[in-house]
Each structure stands twice: as structure tokens, then as C-alpha cells.
Amino acid sequence: MSIENAVADTGCQDRQIRHERGQRAVFCGLTSIVWLHRKIQDAFFLVVGSRTCAHLIQSAAGVMIFAEPRFGTAIIEERDLAGLADLNEELDRVVNRLLERRPDIKMLFLVASCPSEVIKLDLDRAAQRLSADFAGRVGIFSYSGSGLDTTFTQGEDTCLAALVPVLPEAKRDAARSLMVVGTLADVVEDQFARLFREIGLEDVHFFPPRDSQHLPPVGENTHFLLAQPFLTETARTLQRRGARHIPAPFPLGEEGTTGWLRAAARTFGIPDERFEAVVAAPRERAKRALSAHKAKLEGKSIFFFPDSQLEVPLARFASRELDMTLAEVGTPYLHRQHLAAELDLLHKDLVIYEGQDVENQLDRCREARPDLTVCGLGLANPLEAEGLATKWSIELLFTPIQGYDQAGDLAELFARPLNRRARLEV
Amino acid sequence: MQLTVWTYEGPPHIGAMRVATAMTGVHYVLHAPQGDTYADLLFTMIERRDKRPPVTYTTFQARDLGTDTAELFQSALADAYERFKPQAMLVGSSCTAELIQDDPGGLAAALHLPVPVIPLELPAYQKKENWGAAETFYRIVRTLASPRQGQERPKNERPLANLLGPTALGFRHRDDIVEITRLLESMGIGVNVVAPLGASPADIQRIPDADFNVVLYPEHALSAAQWLERAFKQPYTKTVPIGVNATRAFIAEVAQIAGVSADVPERTRLPWYSRSVDSTYLTGKRVFIFGDATHALAAARVASKELGFQVVGLGTYSREFAREIRAAAAEYGVEPLITDDYLEVEAAVRDSNPELVLGTQMERHIAKRLGIPCAVISAPVHVQDFPARYSPQMGFEGANVLFDTWVHPLMMGLEEHLLRMFREDFEFQEAPSHLGAAPQAPKEAPAPRELAVAAPAEVALAHQAAETPATPSALVWLADAEAELRKIPFFVRGKAKRNTERYAAEKGISNITVETLYDAKAHFSR
Numbered sequence: 001m002s003i004e005n006a007v008a009d010t011g012c013q014d015r016q017i018r019h020e021r022g023q024r025a026v027f028c029g030l031t032s033i034v035w036l037h038r039k040i041q042d043a044f045f046l047v048v049g050s051r052t053c054a055h056l057i058q059s060a061a062g063v064m065i066f067a068e069p070r071f072g073t074a075i076i077e078e079r080d081l082a083g084l085a086d087l088n089e090e091l092d093r094v095v096n097r098l099l100e101r102r103p104d105i106k107m108l109f110l111v112a113s114c115p116s117e118v119i120k121l122d123l124d125r126a127a128q129r130l131s132a133d134f135a136g137r138v139g140i141f142s143y144s145g146s147g148l149d150t151t152f153t154q155g156e157d158t159c160l161a162a163l164v165p166v167l168p169e170a171k172r173d174a175a176r177s178l179m180v181v182g183t184l185a186d187v188v189e190d191q192f193a194r195l196f197r198e199i200g201l202e203d204v205h206f207f208p209p210r211d212s213q214h215l216p217p218v219g220e221n222t223h224f225l226l227a228q229p230f231l232t233e234t235a236r237t238l239q240r241r242g243a244r245h246i247p248a249p250f251p252l253g254e255e256g257t258t259g260w261l262r263a264a265a266r267t268f269g270i271p272d273e274r275f276e277a278v279v280a281a282p283r284e285r286a287k288r289a290l291s292a293h294k295a296k297l298e299g300k301s302i303f304f305f306p307d308s309q310l311e312v313p314l315a316r317f318a319s320r321e322l323d324m325t326l327a328e329v330g331t332p333y334l335h336r337q338h339l340a341a342e343l344d345l346l347h348k349d350l351v352i353y354e355g356q357d358v359e360n361q362l363d364r365c366r367e368a369r370p371d372l373t374v375c376g377l378g379l380a381n382p383l384e385a386e387g388l389a390t391k392w393s394i395e396l397l398f399t400p401i402q403g404y405d406q407a408g409d410l411a412e413l414f415a416r417p418l419n420r421r422a423r424l425e426v
Numbered sequence: 427m428q429l430t431v432w433t434y435e436g437p438p439h440i441g442a443m444r445v446a447t448a449m450t451g452v453h454y455v456l457h458a459p460q461g462d463t464y465a466d467l468l469f470t471m472i473e474r475r476d477k478r479p480p481v482t483y484t485t486f487q488a489r490d491l492g493t494d495t496a497e498l499f500q501s502a503l504a505d506a507y508e509r510f511k512p513q514a515m516l517v518g519s520s521c522t523a524e525l526i527q528d529d530p531g532g533l534a535a536a537l538h539l540p541v542p543v544i545p546l547e548l549p550a551y552q553k554k555e556n557w558g559a560a561e562t563f564y565r566i567v568r569t570l571a572s573p574r575q576g577q578e579r580p581k582n583e584r585p586l587a588n589l590l591g592p593t594a595l596g597f598r599h600r601d602d603i604v605e606i607t608r609l610l611e612s613m614g615i616g617v618n619v620v621a622p623l624g625a626s627p628a629d630i631q632r633i634p635d636a637d638f639n640v641v642l643y644p645e646h647a648l649s650a651a652q653w654l655e656r657a658f659k660q661p662y663t664k665t666v667p668i669g670v671n672a673t674r675a676f677i678a679e680v681a682q683i684a685g686v687s688a689d690v691p692e693r694t695r696l697p698w699y700s701r702s703v704d705s706t707y708l709t710g711k712r713v714f715i716f717g718d719a720t721h722a723l724a725a726a727r728v729a730s731k732e733l734g735f736q737v738v739g740l741g742t743y744s745r746e747f748a749r750e751i752r753a754a755a756a757e758y759g760v761e762p763l764i765t766d767d768y769l770e771v772e773a774a775v776r777d778s779n780p781e782l783v784l785g786t787q788m789e790r791h792i793a794k795r796l797g798i799p800c801a802v803i804s805a806p807v808h809v810q811d812f813p814a815r816y817s818p819q820m821g822f823e824g825a826n827v828l829f830d831t832w833v834h835p836l837m838m839g840l841e842e843h844l845l846r847m848f849r850e851d852f853e854f855q856e857a858p859s860h861l862g863a864a865p866q867a868p869k870e871a872p873a874p875r876e877l878a879v880a881a882p883a884e885v886a887l888a889h890q891a892a893e894t895p896a897t898p899s900a901l902v903w904l905a906d907a908e909a910e911l912r913k914i915p916f917f918v919r920g921k922a923k924r925n926t927e928r929y930a931a932e933k934g935i936s937n938i939t940v941e942t943l944y945d946a947k948a949h950f951s952r
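Protein sequence lines, in the order shown, are assigned to chains H and C. Per this note's numbering, residue 1 is the first one in the first sequence, and the count goes up by one each step. Per this note's numbering, residue 427 is the first one in the second sequence, and the count goes up by one each step.
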């Protein structure tokens, strides 16, 4: 959906990007529900799909499924496929039943899947229709998490983009404000809020918010900083509402975090001396935390399979802050403009693979025999059995890794598999 | 449309994957959108397989729709054949591809691959995982085990059996095969082919060489076995050997089919362990059983006849075997529960007030939530139920495993109560609970399962579920009743109080007397 556009957007880097097509071993966008529902605490995510969708979320969510989760699947059955009129009535019935059972829900997302897209079930219209029924009680939205449209973290992008139109309008004469876009662990969000305050930025909002009562305002005076690299659509819709994007690297590692914060500070005219004074101590802490892991990781080669679009910033972190060598960097999509600051920090000769043909990529990986392979759980054990050390990539989405105080943890995630292999004598 | 949070079974193509992954020399090309590859991690993570499942997905995306999905399928199939050179291939659609109506069977036939290509029709909007596994296995057997023209079955030196049904991601399938193979060996019977687990297409061809079939898991193998009986006159076993009695019955059945002696040494400790005085406290324990039909039926027999439990609930998510479960439930005098909605199961567990739950991964969590001991007897299961150690469910060693597995949480439960009972003694610190938090009454002990040394009647009184309303304001405890209440050990007192109040409210009694207290106790003791 977006690569062609993304490539057309820029094209400024003369970097080699190889496009690959073939079998893709990736999650679909539905998977992002697993962390989004934790973040927005009064939202429910209702997938309209098949038993496969329900099974996927169940497998991805692991034990979380047992904690009265705020997500579920309306499974389309044989009789629903007989006629589309029925299907809309059925959906209304399911939503009514759900909202009766969960009166605490203030936002309901109808999430489209491959089956619902293929039969052209119009969830946008369903959301509008249901919104009228529940006006004032529950906000009802729709977006697509289908594998036809979205890969893994793109589900967060389509979800947030669907929310942008209902963000309150910032007042025309309001002072300039900062919006941080992309899900961050609460602890990380709090750290950033503290740092921004110390730098002298008071009016900072986070999107997505922790609940429906705290939707951030947006307008001509909103400047937004992307906390995640996979927010193409969300950025576009924010820009359509007048907000301005602050180009920056992503807040991974000491260097990324500093670059990210500095971009915001400069946009808001914070003097460099003040900025440096505030970040000096946490920067030192981050470097200290990194040094122990760096000793173990420097010179080791790392190979990234495509998964979350975090691969490019992670590769930058691994190569520049841990002195690892990059065997291959794969990403499901590459938004050149959002990643411009990252790409500038990477070696000019590095080849980045966009898309995937998993069999060919596995051949390349086996040939390269990297010291560490970052890949999904479907590939990790088979590669371990072939003698390759792996780091399973989903953990990088569920673990707080952004910011100064998580830099050491992030390095540790890469160091742990190697550490373990060094210990084992069986 | 059905609102679902938890599903007991995946879609039917997962069943097909379980068969393909179980076998060697087979490759499955699945027409499916990007994202459906999530299923790989069930095999690589839960079962800890060291290889990727032999499945190629077409992973089509929006831009492929309408134009070239059929072409995409054909090139994926051709590439997969070239790369893996399997002896046979399976082709089929996942739920989304079923809707776009490319025809994998027809598209595959047009490629004229030099190996058998078996098309699978798996209706994703009607059927589920186990059905998908059974259908896939049946199709494979039907295609590959073709009758040899005019040839008699070879004369074997000794009777030969096939073991049918074990798949990838099967609950204890790996060890059940070992146990049953040993058992048959001890009867002088050889194993011809085990399938689908570990079998190649060439092995499937040899299935007709055996004298009879052992159906280990009817959910997966019954349709294939029935066809083999028609096509090759191979009888198949109807008893699933889980538990001592079922194993004995299985031996008798096999002896009769194979014409061998049923005199087999019983290497099992279950009968003696169950008769030893230590097990007396197991008598009449209320047990709730839920799982796939085969394991639930077997568990009910073992629970009631071999451990002396009382079955207070029996159910399955396998609608295909609802009739058998209904018949068994009638035998135990309980309402059968045929559902795939875990909320219904949770309600049934709550209502039947069990002291032990035997179920799947989901019942484990329900039981944890309710503070009831639990053991896992059936798929779906998590990684811990694919253990490194030998732990079959079938045969005599399986019976030993069942005894330990089911009694262990109860012993832990007893230990838990003793710890809580003496919690106020200075030597005991608060011990972390293996049962998990009991959310309804975090400060109070959960309903005790057993306390042989304490007062069993009060324990019985306390059996009712914790879900009782707070003291209705209209109720008054008279002084003597309150004094009597205080004589009840502290760890069941709260429950006794609530049950009495509930009883009084139901009977419209406003003044609670000693009589009311004991009436309530009689009412609730079972």
C-alpha cells in the first residue's frame, strides 16, 4: 500500500535498496492489537474475521489471553457468507452484546481482516452506523489489520491513523505544542515526559493516549515527533490536519535518543547549552550501561530478517553503539523520509532489503553465518538447530527499549543469546 | 457471527499442517494471505521443533488480488517442489483463499508435477482443526494406500498393526507411540507403520500390509481407519488405552483381533497406589472434566473407577463426538457440556463446585482464577505440556503418569491448606501460593479441598463457591448461632458463614439459629 509512495516521497539517498518479492514470514497487522490494547486502557479491539484470525491473536498473545483481555474476534460463519445484509445485522448484534457486557469500554475498534476485506464488508460504514447508536457513550472506529494491507506493526499505524480525525482541534492561537507519536511503554513515556519538562517543553502530549479521555489536540501549531518508524499513514493524516513532522532518528540507544530529543529541542528553540546540561547525566548513564555489553558484542556480525520496520534503527544502534557488523538488514517496508536521519548514520555501502523471499533470505543467512540473527519465532528454533544464534524479534516490541535508561537493556537483548551459548556445555 | 476470545481449536488448515508437519517427505503449499505464517511458531515454539514446518504459503497481499493470485499459487507450488523435492504434496486454501476461489487442486494438476499432489477441501467457515487433521490424513491414505491389484496381503511372521492418529502438536503423542509399541511387542505383535507422525508417503503405501489398525486418536484417525476397513478388510481397535482398565480392555480387544494371548504383564503402580491408605482422602473428590472427547471420556473412567473420584462435570469441545460424551455423562449422572465457548465452561466449573479440574490449558487458567487444583489432560496445551521427560498417557506407564499428575495438585492443595491453617503460628511465614491468587477472597483461604485431620463436615459446608453476596442486611445471627459459628476452624469459617446466609436467604429465614447453621451444612454437604 505504501512503499511505492514512500519511495516516491524522497529518493534523496543514493543508497542501495533491494526489493524482494516472494514468501513472507511475517505477522499481519492484527498482531499489534496485543500491545495497543494494553496502552489504551478503555478501548476494545473487535476483529471481524475468521477462526484463523482468532487463533493468530491467541497464539501471539500467549498467556495474556487469560487476563480478561480487551480484544476478541467476531468469527464469520458459513451462514454469514450467504448474504451481506445479514452480516451487518450480525455485526450489530455482536457489538451490542459486547458493549452490554463491557460497559467500561469507551472506544471500540472494528478491525478488518483478510476475510472481511475480501467479502468487502464495509466496516467504516458499520462504525458510523454503530457510532450513532452509541453516541456519547462509546466512540466506534474502524481500521484494517489484514495481512492483505498490513505487516505486523503497520496495524498500529492504521489504528492511529483512524483516530487522527477525532483528535480535538487545537486552538488557533494556542502556543506551539509537541506530540510524541507511537506506542511507548508507560515507564518510557514517563521518562521522556520528565526529560522534556527539564528541557523546558511543557506542552507535550503522547499519542496514543492511555485512555479515551486524553486524546491530544492537533492543529497548525502541533509539531510531532515519531517515536516509532512504522507510522506512515498516521504521519500523513496528522500533516493533513496541519501538524508538522520533526525529522529525527528514533530514540534507540544513546545516540538515537539524544538525536531524537535534540530535534524536538531545536524545533522549540531551546538553547543547546540547556539541552546538553539536561541530557548530560542520562547520556553518561546510558553509555556506562552499554559499555559492558559492547565488550561482548563488538566485531560480531548481525543479520536482520524483516519484521517490524524497527530493523533499520536497530541496525544503526548495533553498528554504531555496539560496534557490530551488519551482515544484512531486511525490513518489510522502508519509509525513506521518516528514516532519512537513520540512513544518514549508516554506512553508505550497506544494502537494505525491502520485502522478503524467505527461502532466498535463509540461503543468504546460512551462507553469511552471522554471529547473531534477529528473526521471528517461526525461524528462530530451526536456525538455532543449524547452529546459528538467534534473537527473536517480537521481544523488541514488547520490551521497553527506547530512551537512555533502556539502552543497556536493548544491548542486553542482543548479548543474551551469545552469553547463553557461551555458558552451555551440553 | 460468533464472538470469541479463546478458541479451543484452530481453523482446519492448522489440522492439515499438523499432519504435514508430522510426516516426512511431504510438502504442503497453502494458498494464504500474508500473516498466516504465524502458524509456524506453534510447531517451532510450543512443540520446540528444530525444523520449519514443511509448509509454503503464497502470502498474497492486496496488490496481488484479482490479478495474479492463481499464478502466484502455481509459481509457489513449482518453486516448493524444486526446492524440497518431496515424495508427495498437499495443496489447499486457508480461509481467505477459500473466498477468492482459486482452485488449488486444478491449478496444481495443470503443472503436471512428477509426484502425487493431494488437493484438500477444508471448509474454513464450518470446520475446525481436528476435522482438518482427520480429513487430511484420510485424503493422504486414500490417495497413497491404493489397493495392490490382485495381490494378497503379504504373509507376516507375526501379526502386524499400524498405529494411526498421532500428529504434530498432539498431546503426548510422541510418548504414547512408544508405550503402545512396547505393549504390542510384549504381545508378540509388530508395528508396521505409525502414521501420520514420522511416516513418509512410502510408509503410507505400506499401510495395507498390516493385519489391523490401532486407532490411537479417533479425532484424527477414525475416518481413515473406517476407509481402510472397507478397502483392505483391516479391522481397527475401538478402545483407546488410557487408564488401567482401558488398557486391559484394549489388550483383550487386540488379542482377539490378532489371535494372540491376552496374558500380558501389567507394569503399573496405579492400582496399588490407589488402594494404599494414603489415597483414602481421594475418595469422592469432586472432579470436573473437559477436553477433546477421547481424553475426556478416558479421564472420566479413570477418575471414577481407578481413583474413586466423583465426576461432577463432563464435557468436550469436539462436536464430532458429542454423542459419546452425552452417553457417558448420562452414566455419571451429570449434564453433558458440548461447547467451544470457554465462558460456558467457566460457568459450568463454578456451578459444579469441583475440588479438581481436569482439562485443557484454558481450564487450567479457569481453575487458577477460581483457586481450584487442576491438571491438564488434553490439547490445546502450552509448551510445558510438551515435556522433555517420558510421559505418555496411554498404557501402563501412562496410568502411572496419570496418577502422579492428577494427585499432585491435590497434595499441593492439602499442603497449601495446612500452611494457611498454621499461618498465624510464628514459625510460618506467608508462603507464595502455587494456586495463584483467588480474586474473590484474597485475604481468605479458598474452600479447602481436604483436611482429613480437621472437621470434614465443616469442610463440606465450605464447598460452595466463593461467589456469594455479602451479608444481606435483613439477616440476623442469633447469639447461640454466632457462638457455634466460632467453633468452626477459622479457615473455613468465612465460607460456612456465607453458605449459611445464602441458605437462609433462599429459605426466607431472617433469624439465623444453630438449627439454620446445621440445616445449611446438611444442605450443602455432598
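Glycine included, C-beta positions come from ideal geometry on N, C-alpha and C. A quick note: this is a predicted structure, and the numbers were derived from the prediction, not measured.
Along the chain, where does the beta strand (DSSP E) that runs through T430/C open and close?
Position 4 of the second sequence, counting from 1, holds the residue named residue 430/C. First-last of the beta strand (DSSP E) with T430/C: Q428 to T430.
If we call anything under 8 Å between Cβ atoms a contact, is L429/C one with A61/H?
On the second sequence, residue 429/C is found 3 positions in, with the first residue counted as 1. On the first sequence, residue 61/H is found 61 positions in, with the first residue counted as 1. No. Outside cutoff.
Flag this pair as yes or no: are the beta carbons of E19/H and F71/H separated by less than 8 Å?
Within the first sequence, numbered from 1, the residue matching residue 19/H stands at position 19. Within the first sequence, numbered from 1, the residue matching residue 71/H stands at position 71. For clarity, residue 19/H is His in the given sequence; the question names Glu instead. Going by C-beta atoms, H19/H is not nearer than 8 Å to F71/H.
Considering L108/H, what are the terminal residues of the beta strand (DSSP E) in which it resides?
In the first sequence, residue 108/H corresponds to position 108, counting from 1. For L108/H, the enclosing beta strand (DSSP E) begins and ends at M107 to A112.
Classification of R402/H by the beta-carbon crowding that lies within 10 angstroms, buried from 16 upward
Within the first sequence, the letter at position 402 stands for residue 402/H. Reading off the sequence shown, one finds Gln at residue 402/H, where the question assumed Arg. Counting of Cβ neighbours within 10 angstroms places Q402/H among the buried residues, the total reaching 16 or more.
Inter-residue Cα distance where the pair is D405/H and A560/C:
As a first step, residue 405/H must be located in the first sequence, where it is residue number 405. As a first step, residue 560/C must be located in the second sequence, where it is residue number 134. Looking at the backbone, the Cα of D405/H and that of A560/C are separated by about 52 Å.
Just verifying my parser: in three-state terms, what is the DSSP assignment at M837/C?
In the second sequence, the residue the question calls residue 837/C occupies position 411. Three-state DSSP puts M837/C in a helix.
Within 10 angstroms of the Cβ of K171/H, are there 16 or more other Cβ atoms? Answer buried if so, exposed if not.
In the first sequence, counting from the first residue as 1, residue 171/H sits at position 171. Exposed.
Starting from the C-beta of I17/H, find all residues in its chain whose C-beta is less than 7 Å away, skip the five residues before and the five after it, and write them out in chain order.
Position 17 of the first sequence, counted from the start, is the residue given in the question as residue 17/H. The residues are L334, I352 and E354.
Please confirm whether E437/H has its beta-carbon closer than 8 Å to some beta-carbon of chain C.
Nothing in the structure corresponds to residue 437/H, since chain H is present only between 1 and 426.
Spell out the partners DSSP gives M820/C in its beta bridges.
By one-based count along the second sequence, residue 820/C stands at place 394. In DSSP, M820/C forms a bridge with I668/C.
Tell me which residues of the region 549-566 of chain C have at least one Cβ-Cβ distance to chain H shorter than 8 Å, keeping chain order.
Per Cβ criterion, the list reads P549, A550, Y551, Q552 and K554.
For the structure I just gave you, are there three or more beta carbon pairs, one from the region 782-793 of chain C and one from the region 803-810 of chain C, closer than 8 Å?
Three or more beta-carbon pairs separated by less than 8 Å link the region 782-793 of chain C to the region 803-810 of chain C, which places the two stretches in contact.
Which residues in chain H have a C-beta closer than 8 Å to the C-beta of S520/C? List them in chain order.
In the second sequence, residue 520/C corresponds to position 94, counting from 1. Listed by position along chain H, the residues whose Cβ is nearer than 8 Å to that of S520/C are T52.
For K477/C, count neighbouring C-beta atoms within 10 Å of its own C-beta (all shown protein chains included) and say buried if the count is 16 or more, exposed if not.
Taking the second sequence and counting its residues from 1, the one referred to as residue 477/C is at position 51. Only exposed fits K477/C, as fewer than 16 other CB atoms lie within 10 angstroms of its CB.
On the DSSP letters alone, give me the boundaries of the beta strand (DSSP E) that Q736/C sits inside.
In the second sequence, counting from the first residue as 1, residue 736/C sits at position 310. Q736/C -> beta strand (DSSP E) spans Q736 to T742.
Could you work out which residues of chain H lie near L467/C, taking near to mean beta carbons separated by less than 8 Å?
Taking the second sequence and counting its residues from 1, one reaches residue 467/C at position 41. Close partners of L467/C in chain H (Cβ separation under 8 Å): S59, G376, L377 and G378.
So if DSSP puts W903/C in a beta bridge, which residue, or which two residues, is it bridged to?
The residue given as residue 903/C occupies position 477 in the second sequence. DSSP output for W903/C lists I938/C as bridge partner(s).
Mind checking the region 445-462 of chain C against chain H and listing, in chain order, the residues whose C-beta falls within less than 8 Å of any C-beta there?
Within the region 445-462 of chain C, the residues whose Cβ lies closer than 8 Å to some Cβ of chain H are P459, Q460, G461 and D462, listed in chain order.
For L413/H and A318/H, I'd like the C-alpha separation in whole angstroms.
If you number the first sequence from 1, residue 413/H lands on position 413. If you number the first sequence from 1, residue 318/H lands on position 318. Taking the straight line from one Cα to the other gives about 11 Å.
Looking at the secondary structure, which residues open and close the alpha helix (DSSP H) in which R137/H lies?
In the first sequence, counting from the first residue as 1, residue 137/H sits at position 137. Segment: none, R137/H is in no alpha helix (DSSP H) and carries neither H nor E.
Per DSSP, cross-strand counterpart(s) of R125/H
Mapped onto the first sequence, residue 125/H falls at position 125. Paired residues: none, contrary to the question.
If we call anything under 8 Å between Cβ atoms a contact, is G330/H one with G155/H?
Residue mapping note: residue 330/H aligns to position 330 of the first sequence, counting from 1. Residue mapping note: residue 155/H aligns to position 155 of the first sequence, counting from 1. It is not a contact, given that the beta carbons lie outside the stated cut-off.
Are the CB atoms of V48/H and V111/H nearer to each other than 8 Å?
For the purposes of this step, residue 48/H is taken as residue 48 along the first sequence, with counting starting at 1. For the purposes of this step, residue 111/H is taken as residue 111 along the first sequence, with counting starting at 1. With respect to V111/H, V48/H sits close: the two C-beta atoms are nearer than 8 Å.
Using a C-beta to C-beta distance shorter than 8 Å, which residues of chain C count as neighbours of A277/H?
Counted from its first residue, the first sequence places residue 277/H at position 277. For a Cβ distance threshold of 8 Å, nothing in chain C lies close to A277/H: the least Cβ distance comes to about 46 Å.
C-alpha distance - R51/H paired with A496/C, whole-angstrom precision
Taking the first sequence and counting its residues from 1, the one referred to as residue 51/H is at position 51. Taking the second sequence and counting its residues from 1, the one referred to as residue 496/C is at position 70. Between R51/H and A496/C, the C-alpha separation is close to 24 Å.
Based on Cα-Cα distance, which residue from V164/H, S131/H, F224/H and E189/H lies nearest to R176/H?
Position 176 of the first sequence holds residue 176/H. Relative to the Cα of R176/H, the nearest Cα in the group V164/H, S131/H, F224/H and E189/H belongs to F224/H.
The beta strand (DSSP E) that contains R18/H, what's its start and end?
Residue numbering aside, residue 18/H sits at position 18 when the first sequence is read from its first letter. It spans I17 to E20 - the beta strand (DSSP E) in which R18/H sits, taken as one unbroken run.
C800/C lies in the beta strand (DSSP E); which residues open and close that run?
Here residue 800/C is taken as the residue at index 374 of the second sequence, counted from 1. Residues C800 to V802.
F45/H and L99/H closer than 8 Å at C-beta:
As a working mapping, residue 45/H is identified with position 45 in the first sequence. As a working mapping, residue 99/H is identified with position 99 in the first sequence. Result no, Cβ atoms of F45/H and L99/H do not sit closer than 8 Å.
Might you give, ordered along the chain, the residues of its own chain that have their beta carbon closer than 6 Å to the beta carbon of D811/C, omitting 5 neighbours on each side?
If you number the second sequence from 1, residue 811/C lands on position 385. Closer than 6 Å at Cβ, skipping near neighbours: V802.
Helix, strand or coil: which one does DSSP assign to T150/H?
Translated into positions along the first sequence, residue 150/H becomes position 150. If DSSP states are grouped into helix, strand and coil, T150/H belongs with coil.
Sequence-distant residues of its chain with Cβ nearer than 7 Å to I440/C (five each side left out):
In the second sequence, residue 440/C corresponds to position 14, counting from 1. Here the set comprises A465, E555 and G558.
Straight-line Cα distance separating P209/H from V166/H:
In the first sequence, residue 166/H corresponds to position 166, counting from 1. In the first sequence, residue 209/H corresponds to position 209, counting from 1. Distance between the alpha carbons of V166/H and P209/H is about 13 Å.
Start and end residues, beta strand (DSSP E) containing Y464/C
What you label residue 464/C is simply residue 38 of the second sequence in a count that begins at 1. No beta strand (DSSP E) holds Y464/C; DSSP gives it neither H nor E.
Check the DSSP bridge columns for G614/C and list the partner residues they point to.
For the purposes of this step, residue 614/C is taken as the residue at position 188 of the second sequence. Under DSSP, G614/C takes part in no beta bridge, so it has no partner.
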